[in-house]
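Asks: Residue numbers (the numbering used here): 30 to 146.
Before I ask anything, let me first share the structure, which is written out below as structure tokens.
Below is the structure:
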């Protein structure tokens with residue numbers, strides 16, 4: 030029973046991470062457009078990342094919670110910059126997107142490793 034619960038939590042962690050990664054890629058790709066056009070999508074993404082962070086904390090997974098916290102912090106900085114500047118572009122945008130998606134890729138890899146037999 031305990032193994033089944035752990036497996037379900039790991040599967041949820043993987044699904045949550047892949048969903049957040051997909052949503053992040055979509056939302057961040059729109060950062061060259063005015064923030065106001067995508068504010069709701071940014072908020073939805075932040076909420077999804079918050080949920081991933083909360084879930085990792087509830088499973089006492091320090092590594093995962095630290096990874097989610099990194100995503101959360103980077104995403105909040107990104108959103109604040111986008112809102113302040115109204116639109117982002119160039120190397121700054123590319124670097125920020127690479128960092129955020131890289132953190133999510135690391136979470137996905139860790140969660141996938143947990144799923145492996």
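Ideal Cβ positions, reconstructed from N, Cα and C, are used throughout, including at glycine.
Keep in mind that this is a model prediction, so the values were computed, not measured.
For residue 132, which residues of its own chain have a beta-carbon under 7 Å away from its beta-carbon, when the five flanking residues on both sides are left out?
Replies: Within the chain shown, residue 132 is the residue found at index 103, counting from 1. If we look at residue 132 and ignore the five residues flanking it on each side, its Cβ neighbours are 96, 99, 100, 103.
Asks: Are the region 73-93 and the region 112-128 touching by the rule of at least three beta carbon pairs closer than 8 Å?
Replies: The region 73-93 vs the region 112-128: no contact.
Asks: Can you look up residue 41 in the DSSP assignment and give me helix, strand or coil?
Replies: Locating residue 41 in the chain shown gives position 12, counting from the first residue. Helix at residue 41.
Asks: Alpha carbon to alpha carbon, how far is residue 77 from residue 49?
Replies: Translated into the one-based positions of the chain shown, residue 77 becomes position 48. Translated into the one-based positions of the chain shown, residue 49 becomes position 20. Roughly 6 Å separates the two Cα atoms.
Asks: Taking the Cβ atom as the reference point for each residue, do residue 74 and residue 52 lie within a distance shorter than 8 Å?
Replies: Translated into positions along the chain shown, residue 74 becomes position 45. Translated into positions along the chain shown, residue 52 becomes position 23. Yes; because the gap between Cβ atoms is below 8 Å, this pair is in contact.
Asks: Given a cut-off of 8 Å on the beta-carbon distance, is the pair residue 108 and residue 71 in contact?
Replies: Position 79 of the chain shown, counted from the first residue, corresponds to residue 108. Position 42 of the chain shown, counted from the first residue, corresponds to residue 71. Against a cut-off of 8 Å, the Cβ pair of residue 71 and residue 108 comes out as a contact.
Asks: When you compare only the Cα positions, how much space is there between residue 117 and residue 57?
Replies: Taking the first residue of the chain shown as 1, we reach residue 117 at position 88. Taking the first residue of the chain shown as 1, we reach residue 57 at position 28. Computed Cα separation, rounded: 10 Å.
Asks: Kindly list the residues whose CB is nearer than 7 Å to the CB of residue 62, restricted to its own chain and excluding five residues on each side of it in sequence; keep chain order.
Replies: The residue given as residue 62 occupies position 33 in the chain shown. The residues are 116.
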